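A.B. asks:
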Amino acid sequence: MKLLSSLPFVGLAVATQLVPEPQYIFSNPPVSASEYRIPTSYESAVLGRRILALTPLGTLATVFPDASGGRQPDGLGGAPIGLLEYVANCEEDGNPTFLALNIETTFKNVRGGSNISLAQQWTPPYPPDKRIKSTFWNWLFSRDDEPADRVPYSAVNLPRYSLIGYIEKIDDAPTADMSSCFVNKHPDAKYWLPGNQIHESEFVRLVVTKIYWIGGFGDRAYIGWIPVEEWKNVTRKEWESVELPGEKKGWKEWSFADL
9 MKLLSSLPFV GLAVATQLVP EPQYIFSNPP VSASEYRIPT SYESAVLGRR ILALTPLGTL
69 ATVFPDASGG RQPDGLGGAP IGLLEYVANC EEDGNPTFLA LNIETTFKNV RGGSNISLAQ
129 QWTPPYPPDK RIKSTFWNWL FSRDDEPADR VPYSAVNLPR YSLIGYIEKI DDAPTADMSS
189 CFVNKHPDAK YWLPGNQIHE SEFVRLVVTK IYWIGGFGDR AYIGWIPVEE WKNVTRKEWE
249 SVELPGEKKG WKEWSFADL
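Here the sequence shown is numbered in our numbering, starting from 9 and rising by one per residue.
As structure tokens, then:
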């Protein structure tokens with residue numbers, strides 16, 4: 009780390025003024041205040057549907073029922089819990105598919121009356137060629153012995169969403185079709201398919217009723233609710249025709265100078 013004493017305080021104050029403070033990180037600015045064309049809610053829905061198609065994991069959030077049961081400690085009634093879950097995109101209307109094991113806490117809570125939501129975020133398969141950074145602060149605080157970046161991209165600059173809805177058993181599609189789709193995304197799930205000898209299971213969908221979207225930083229990405237009709241009206245052709253950041257090599261984040 010560079011020594012602060014090597015930089016006069018006056019110089020530090022001037023340098024600080026040269027690095028603009030990021031604006032509208034978690035909200036959108038007025039149209040007149042943005043230098044970028046912020047995507048519409050429908051354009052964001054198209055991106056979200058692509059995330060759903062390409063992202064195999066998510067966090068399902070539920071709440072514990074009021075009554076204790078099994079090994080559950082007392083006093084958990086109404087407490088939220090978020091747990092990792094395998095996700096698949098086996099239907100065309102934007103409702104995520106799950107292989108629900110009756111023994112799972114998530115689906116026990118649902119049977120106990122809990123509401124439910126799914127959180128997913130886009131994780132790029134390739135790191136950017138250029139990272140978000142301030143040249144001045146990077147020089148000031150960098151170290152020669154810094155470890156490799158464990159998250160080599162700005163996660164808060166990438167799109168994510170929460171899908172709110174309710175669980176519904178899938179009984180209007182052949183189990184064989186659901187099994188093929190799900191195992192294609194999650195090969196190890198073949199051991200827990202309906203009819204297995206280990207745990208009772210069934211295919212369910214999250215019937216999406218509300219979508220909250222954060223497309224990235226608010227000065228250049230849509231942040232807010234996406235109408236459910238827009239989410240469900242996105243076609244396969246539309247979400248297959250767009251590209252998310254980092255799907256291919258050579259993409260770039262931006263620097264503070266761009267703000």
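We treat Cβ as the ideally placed atom computed from N, Cα and C, and that holds for glycine.
Just so you know, these numbers come straight off a predicted model, no measurement behind them.
On the DSSP letters alone, give me the boundaries of the alpha helix (DSSP H) that S52 sits inside.
C.D. replies: 49 to 62
A.B. asks: With 16 as the cutoff for other CB atoms within 10 Å, does L92 come out buried or exposed?
C.D. replies: exposed
A.B. asks: Under the rule that 16 or more other beta-carbon atoms within 10 Å means buried, what is L26, buried or exposed?
C.D. replies: Caution applies to L26, whose pLDDT of 38 falls short of 50 and renders its modelled position unreliable; the value that the coordinates give is listed next. L26 sits exposed, since fewer than 16 C-beta atoms from the chains shown fall within 10 Å of its C-beta.
A.B. asks: For a cutoff of 8 Å on Cβ pairs, would you count D227 as touching chain C?
C.D. replies: Included in the structure is just one protein chain, with no chain C present.
A.B. asks: Could you tell me which residues DSSP puts in a beta bridge with I172?
C.D. replies: Beta-bridge pairing links I172 to S125, K218.
A.B. asks: Would you mind giving the Cβ-Cβ distance between S209 and L109, rounded to the nearest angstrom? I have them listed as a contact below 8 Å.
C.D. replies: 5 Å
A.B. asks: Whole angstroms are fine: how far does the CA of I124 sit from the CA of I219?
C.D. replies: Cα-Cα distance, rounded: 12 Å.
A.B. asks: Report buried or exposed for E29, applying the criterion of at least 16 other Cβ atoms within 10 angstroms of its Cβ.
C.D. replies: With a pLDDT of only 42 at E29, under the threshold of 50, the placement of this residue in the model should not be trusted; the figure read from the coordinates follows. E29 should be labelled exposed.
A.B. asks: Can you tell me the Cβ-Cβ gap for Y50 and E248, rounded? I've got them flagged as a contact below 8 Å.
C.D. replies: In fact, because the Cβ distance is near 16 Å, the residues do not count as touching under 8 Å.
A.B. asks: Quick check on T183: does DSSP put it in helix, strand or coil?
C.D. replies: helix
A.B. asks: Thinking C-beta only, is Y161 closer than 8 Å to G254?
C.D. replies: yes
A.B. asks: State whether the region 99 to 118 contacts the region 220 to 235, with contact taken as three or more CB pairs (one from each stretch) at a distance under 8 Å.
C.D. replies: no
A.B. asks: Which residue's Cα is closest to the Cα of R158: V191, T217, Y134, Y174?
C.D. replies: Y134
A.B. asks: Put S188 into one of helix, strand or coil per three-state DSSP.
C.D. replies: helix
A.B. asks: From L62 to F190, what distance separates their C-alpha atoms?
C.D. replies: Going by the C-alpha atoms only, they are around 13 Å apart.
A.B. asks: Pull up the distance between the alpha-carbon of N241 and that of E100, whole angstroms please.
C.D. replies: Rounded to the nearest angstrom, the two C-alpha atoms are 9 Å apart.
A.B. asks: So, is V164 buried or exposed, given that buried needs 16 or more other C-beta atoms within 10 angstroms?
C.D. replies: exposed
A.B. asks: Near F115, which residues of its chain fall below 6 Å by C-beta distance, leaving aside the five closest residues on each side in sequence?
C.D. replies: A108
A.B. asks: What is the residue span of the beta strand (DSSP E) that W247 lies within?
C.D. replies: Per DSSP, W247 belongs to no beta strand (DSSP E); it is in the alpha helix (DSSP H), 244 to 248.
A.B. asks: When the Cα of G83 is compared with those of Y94, V71, G90, which residue comes out closest?
C.D. replies: V71
A.B. asks: Taking the alpha-carbon of L60 as reference, which of T48, P47, C98, Q205 has the nearest alpha-carbon?
C.D. replies: With distances taken between CA atoms, L60 lies nearest to C98 out of T48, P47, C98, Q205.
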